[in-house]
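Structure first, then comments.
Numbering (the working numbering), first residue to last: 140 to 471.
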């Protein structure tokens, strides 16, 4: 099956300043691919290159099996696009704006438009100049989804939306994917991408730090570990944890008072990596309490922004993210 998006060696310069530095990634059809990065990382520039709004300085792009620089309007009708900065004519209604977009994108079912508007709690007959930022964003989402495109390209799609509408948006994304669509979205908010995406590319300063599934990021993220046990010496517990890959920052404290049983130790540590080896070793102890916190993906991504692999303290090499490695991570 043809990949929905293939990007190879993508570079973009504005004058003498290069903002994208040879990006490589691929997006499988029927998936949600998220690009996360701080403002200015290059997310919007990637999207504009995919849509032929701006032209790359170097590299190749394939969108739905076609080169967007040559495919013209026929390809654009197969795509729904929400720009990061949405500008709407303010002396008309939302319904008239949608009619204008429908004339460009192709046939749109009026009942489908009304159904989306109802789900988003959006009054289409109100003047756009009277709409709040959130309601303008809803209108932008509606025009992107209304013609049931094969590919949705959404730049910061939940900006200005309240939490309830964000949940409606995530449902709309999943419904579109269930019907065979591919979704390419960007955000600087990790929780948004974590909830919506199957795979994530982390972008920093115009370079891809890594491409991975959300589950792979979760596995690599650091978990906080805390447990208590009885009947074991502190140094024995420390030696046991030393055998577990990814365990670090171990602190063992013997509890000798306050009603604790003899030989009670309390342990704190961090875990980056698989849980199963840890459980196998802990099964040797007489545990009285065990807490393994949900991994903090925010910390993991911030570590990658800073140029380190989560849990290792080592620089994340960009060579690991291009070509077949990046594509394979997306398929994982």
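For every residue, glycine included, the Cβ atom is placed at its ideal position computed from N, Cα and C.
Can the beta-carbon of residue i be found closer than 8 Å to that of residue j?
i, j, result
"residue 202", "residue 290", "yes"
"residue 166", "residue 142", "yes"
"residue 171", "residue 351", "no"
"residue 277", "residue 259", "yes"
"residue 367", "residue 403", "yes"
"residue 300", "residue 273", "yes"
"residue 410", "residue 356", "no"
"residue 227", "residue 236", "yes"
"residue 164", "residue 347", "yes"
By how many angstroms is the C-alpha of residue j removed from the C-alpha of residue i?
i, j, result
"residue 448", "residue 295", "Below a pLDDT of 50, predicted positions are generally treated as unreliable, and residue 448, at 46, falls in that range; the measurement from the model is reported next regardless. Near 26 Å, if we compare the C-alpha coordinates of residue 295 and residue 448."
"residue 189", "residue 195", "9 Å"
"residue 416", "residue 267", "57 Å"
"residue 240", "residue 207", "20 Å"
"residue 432", "residue 380", "17 Å"
"residue 181", "residue 271", "27 Å"
"residue 152", "residue 158", "6 Å"
"residue 212", "residue 191", "11 Å"
"residue 229", "residue 315", "29 Å"
"residue 317", "residue 421", "41 Å"
"residue 308", "residue 242", "24 Å"
Could you say which of the options lies nearest to residue i if we only look at CA atoms?
i, options, result
"residue 320", "327, 231, 312", "312"
"residue 222", "292, 327, 286, 247", "292"
"residue 324", "150, 187, 155, 428", "187"
"residue 371", "344, 423, 411, 355", "423"
"residue 330", "252, 298, 232, 369", "298"
"residue 199", "328, 155, 147, 193", "147"
"residue 232", "373, 150, 264, 253", "264"
DSSP has residue i in a bridge; who is on the other side?
i, result
"residue 411", "361"
"residue 139", "Nothing about residue 139 can be reported from this structure: the residues present for the chain run from 140 to 471 only."
"residue 153", "156"
"residue 236", "Its beta-bridge partners do not exist; DSSP assigns none."
"residue 392", "405"
"residue 173", "324, 339"
**Study point:** Whole alpha helix (DSSP H) elements within the segment 312–374, 4-residue minimum
**Key:** DSSP runs (the alpha helix (DSSP H)) wholly in the segment 312–374: 329–335, 353–359.
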